[in-house]
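FYI, in our numbering the residues of the sequence shown are 40 to 327.
Let me begin by presenting the structure, written as structure tokens, before commenting on it.
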Amino acid sequence: MPNFAQNQHSMKKVLLSAVLLAGILYSQAQQLATPQSSPTQTIKQNFGVGSIELSYSRPGLKGRKVGTDLAPYGQVWRTGANSATTILFSEDVTIGGTSIKAGKYGLLSIPGAGEWTLIITKDLTINQPALYKQENDIVRVKAPVKKLAEKAETFTINFCNFTTSSCILQMSWENSAVELPISTNTDEKVMKQINDVFIKESKPYYAAASYYYDNGKDLSKAKEWIDKASADPANARAAHVFMLKTRIYQKLGDKAGAKASAEKTLALATEAKNEEYIKTIQQILATL
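As structure tokens, then:
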């Protein structure tokens, strides 16, 4: 028959097991992974000769209304959920006529029924209206509300309408969208690079000719550079070089030169079995 000491020992073992089990269950609960109700998104978008990186959280409507339940009209909003929304420019940009140095900033907004105020701020920590200080504003831009044909359930920020030196940051939610134009002095930066690089022995003739052609610059200079690029033995089988040469000659009105370069491009593209180039150059040849 078990004595008192044995019973006491058994009870200790039971208690220890219970404690260990509780610890395991607590640990598992602490490690439980669940979806974010407002998923965080980071977008890195190439822009100009640099990039823009945006980080924000994306709330959903879930039966609620913008302007009352969410992003109240007339109040400073963090332009997302959870933490502050931030935007990082790798190069200097211009927003609302204000030059902004490369760096990381906060993106705030003041929603309205017909117009939003979009704010770039030095403060990276604004996640509630009480923390906002207007003296930290870099620039404020008034953005008229545009109506969406389809309802956006989830708050979305994206980049669109690109040129070589401008883009639009677009925010859409519910049945509305607002836009923030961003620009950068791409031409000045590229021209400086061209001037700096052309001092060196190895010159990027093709890249410079391509930039001049794409941006409507001096075509006679583009012709000079593409001629040098196509004469380089390293480019003897480069269909893209002769394709650009064809386009530059064609734009200059030199049909004979364009046809000769086009035939060279077709031969190289056929040899490489590049169907896209074959189709494009055949279309060009039909016009010469």
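We put the CB at the ideal spot given by N, CA and C, even for glycine.
The structure presented is a predicted model; accordingly, all values stated were derived computationally and were not measured.
DSSP-derived helix/strand/coil call for residue i
{"i": "T156", "result": "strand"}
{"i": "N234", "result": "helix"}
{"i": "Q70", "result": "coil"}
{"i": "P183", "result": "strand"}
{"i": "F128", "result": "strand"}
{"i": "L39", "result": "This structure does not reach residue 39, given that the chain is present from 40 up to 327, and the question cannot be answered."}
{"i": "S76", "result": "coil"}
{"i": "K284", "result": "helix"}
{"i": "A297", "result": "helix"}
{"i": "L327", "result": "coil"}
{"i": "D176", "result": "strand"}
Pairwise C-alpha distance: residue j and residue i
{"i": "N85", "j": "I91", "result": "6 Å"}
{"i": "G255", "j": "S249", "result": "10 Å"}
{"i": "K104", "j": "Y252", "result": "49 Å"}
{"i": "T79", "j": "Y95", "result": "6 Å"}
{"i": "A182", "j": "N214", "result": "15 Å"}
{"i": "E192", "j": "E174", "result": "34 Å"}
{"i": "P98", "j": "Y144", "result": "21 Å"}
{"i": "G136", "j": "C206", "result": "14 Å"}
{"i": "A123", "j": "S138", "result": "23 Å"}
{"i": "A306", "j": "R179", "result": "56 Å"}
{"i": "T156", "j": "Y112", "result": "10 Å"}
{"i": "N313", "j": "M282", "result": "12 Å"}
{"i": "T309", "j": "K318", "result": "10 Å"}
{"i": "A311", "j": "R276", "result": "9 Å"}
{"i": "Q321", "j": "A278", "result": "13 Å"}
{"i": "N166", "j": "T202", "result": "33 Å"}
{"i": "T164", "j": "A246", "result": "42 Å"}
{"i": "I177", "j": "G102", "result": "35 Å"}
{"i": "N121", "j": "A72", "result": "18 Å"}
Beta-carbon proximity list for residue i, same chain, < 8 Å, skipping 5 on both sides
{"i": "S204", "result": "G87, S222, T223, N224, T225 and D226"}
{"i": "I323", "result": "T285, R286, Q289, A297 and A301"}
Nonlocal neighbours in the same chain, by C-beta distance under 6 Å from residue i, ignoring five residues either side
{"i": "L119", "result": "Per the sequence shown, the amino acid found at residue 119 is Gly instead of Leu. Hits under 6 Å: Y95 and S96."}
{"i": "Q289", "result": "A297"}
{"i": "T81", "result": "S94"}
{"i": "W212", "result": "V105, A191 and F194"}
{"i": "Y171", "result": "V115 and I165"}
Same chain only: Cβ atoms within 7 Å of residue i, ignoring 5 sequence neighbours per side
{"i": "A216", "result": "K185, L187, Q209 and M210"}
If we count Cβ pairs, one from each stretch, closer than 8 Å, do we get three or more for the stretch 222-231 versus the stretch 179-198?
no
May I have a chain-ordered list of the alpha helix (DSSP H) segments no shorter than 4 residues that lie completely inside the stretch 205-260?
225-236 and 244-253
Three or more C-beta pairs below 8 Å linking the stretch 284-300 and the stretch 260-267:
yes
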